[in-house]
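In what follows, a single structure is set out as structure tokens and then discussed.
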Amino acid sequence: MNYIDPHIHMVSRTTDDYKRMAMAGCALVSEPAFWAGFDRSGVEGFRDYFRQLTVVEGRRAKLYGIEHACWLCINAKEAENVSLSREVIAMIPEFLELPNVLGIGEIGLNKNTKNESIIFREHLDLASRTNELVLVHTPHLADKYQGTRMILDMLAHESRISASRVCIDHVEEHTIRPALEAGHWVGMTLYPITKCTPSRAADLIEIYGTERIMVNSAGDWGHSDPLAVPEFIFEMRARGHSESTIRRVVYENPLAFFSQCQRFRFEPRKEKLATS
Ligand SMILES: [Zn+2]
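With my numbering as the guide, the letters of the sequence shown map in order to residues 330 to 605.
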């Protein structure tokens, strides 16, 4: 089954991963801007990173028949530095006309601090002025519930952005309901240990259905699995779910969310193979 991984940091993965993902049916990835494992020294570091996301990474993906789209922002961890964050936010519009940019993300909170909240709201302001989609990172472990509540509150106060143009990512059992009830899309991150495992994600599909729900690997330079979405497909099949139910979660839903971006164009893989 062809699938989409709507959240994966391919700059941190090898070309062997691209090959294995292509063989497993990956047709499209979307790559949010995130923390590189170290704080950048200035705005030029981000400009280079955005060039890598918008130009270089798409070329690597294409070698394996995978389409690549991306999101731009300063991540929540480095958002603690407010003056640097403002320089980055002012620079982002230079890249917003590029056809493979889906919007602003992954913005959000890390330790739920005041500075992170300030920069989260300034990113929302940019997204509303430029009419961009928004991808939101929710915090880890102990900070997740409170951070998700804070994020949903700030989004509720930003009346210029419609709820359906925002995806709340890394939801778990205790945060999925408020995000869906607010009208947002949600992403379940399939991690080997923390966040959602493939079987916990399948449980949540059985409870909440398939509307506005996606799954992703959030593969990066840490402990993560770039083939987590195929693992989820395997789990869903083992439980007897129909191919159409699975396809909705791993393919049609991310396409529907991305298609709200006017620049987004995607040529399905099957058609490509048929004409090549
Ligand atoms: Zn991420």
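Where a beta carbon is used, it is the ideal one built from N, C-alpha and C, also for glycine.
Contacting residues, own chain, Cβ-Cβ under 7 Å from residue 530 (five flanking each side not counted): As a working note, residue 530 is residue 201 in the sequence shown. So the list reads 517, 519, 544 and 561, once near-sequence residues are dropped.
Coarse secondary structure for residue 454, derived from DSSP in three states: Taking the first residue of the sequence shown as 1, we reach residue 454 at position 125. In this structure, residue 454 counts as helix in the three-state DSSP scheme.
Within 5 Å of ligand 1: residues by beta-carbon to any heavy atom: Listed along the chain, these residues meet the criterion: 363 and 547.
Entirely enclosed alpha helix (DSSP H) segments - the region 399–464, minimum 4 residues: DSSP runs (the alpha helix (DSSP H)) wholly in the region 399–464: 411–420 and 443–459.
For residue 481, three-class secondary structure by DSSP: On the sequence shown, residue 481 is found 152 positions in, with the first residue counted as 1. Here residue 481 sits in helix by DSSP.
Per-residue burial, residue 334 [other beta carbons within 10 Å of its own, 16 or more giving buried]: Residue 334 sits at position 5 when you count from the first residue of the sequence shown. Answer is buried; the Cβ neighbour count reaches 16.
Contacting residues, own chain, Cβ-Cβ under 7 Å from residue 329 (five flanking each side not counted): As shown, the chain starts at 330 and ends at 605. That puts residue 329 outside it, with no answer to give.
DSSP state of residue 600 mapped onto helix, strand, coil: Translated into positions along the sequence shown, residue 600 becomes position 271. In this prediction, residue 600 has a pLDDT of 45, which is less than 50 and means its spatial position is unreliable; what the coordinates show is noted afterwards. DSSP, reduced to helix, strand and coil, places residue 600 within a helical segment of the structure shown.
Where the alpha helix (DSSP H) through residue 356 begins and ends: Reading the sequence shown from its first residue, position 27 is the one you call residue 356. In the DSSP annotation of this structure, residue 356 is not part of any alpha helix (DSSP H); the continuous beta strand (DSSP E) holding it starts and ends at 355–360.
Simplified DSSP assignment, three categories, for residue 522: One-based indexing of the sequence shown puts residue 522 at position 193. Shown here, residue 522 sits in coil according to DSSP, grouped into three states, outside any helix or strand.
Backbone CA spacing between residue 586 and residue 483 [nearest angstrom]: The sequence position of residue 586 within the sequence shown is 257, counting from 1. The sequence position of residue 483 within the sequence shown is 154, counting from 1. Roughly 21 Å separates the two Cα atoms.
Beta carbon proximity, residue 466 to chain C, threshold 9 Å: Judged by its chain identifiers, the structure shown contains no chain C, having just a single protein chain.
DSSP-derived helix/strand/coil call for residue 543: Position 214 of the sequence shown holds residue 543. Look at residue 543 here: in three-state DSSP terms it is strand.
Straight-line Cα distance separating residue 494 from residue 463: In the sequence shown, residue 463 corresponds to position 134, counting from 1. In the sequence shown, residue 494 corresponds to position 165, counting from 1. Roughly 6 Å separates the two Cα atoms.
Backbone CA spacing between residue 445 and residue 433 [nearest angstrom]: Position 116 of the sequence shown, counted from the first residue, corresponds to residue 445. Position 104 of the sequence shown, counted from the first residue, corresponds to residue 433. Looking at the backbone, the Cα of residue 445 and that of residue 433 are separated by about 15 Å.
Local conformation of residue 605 per DSSP, three classes: Counting from one through the sequence shown, the residue named residue 605 turns up at place 276. Because residue 605 carries a pLDDT of 42, less than 50, the predicted location of this residue cannot be relied on, and the following value inherits that uncertainty. Here DSSP, grouped into helix, strand and coil, assigns residue 605 to coil.
Counted within 10 angstroms of its Cβ, other Cβ atoms place residue 375 as buried (16 or more) or exposed: Working through the sequence shown from its first residue, we reach residue 375 at position 46. It counts as buried.
For residue 336 and residue 361, believed in contact at Cβ under 8 Å, the rounded distance: Translated into positions along the sequence shown, residue 361 becomes position 32. Translated into positions along the sequence shown, residue 336 becomes position 7. Contact annotation, residue 361 with residue 336: C-beta distance approximately 6 Å; criterion of less than 8 Å satisfied.
Proximity of residue 442 and residue 474 at Cβ, strictly below 9 Å: Translated into positions along the sequence shown, residue 442 becomes position 113. Translated into positions along the sequence shown, residue 474 becomes position 145. Contact check for residue 442 against residue 474 fails: the beta carbons are separated by 9 Å or more.
Proximity to residue 419 [Cα-Cα], best of 435, 402 and 429: Here residue 419 refers to the residue found at position 90 of the sequence shown. Closest option to residue 419, Cα to Cα, is 402.
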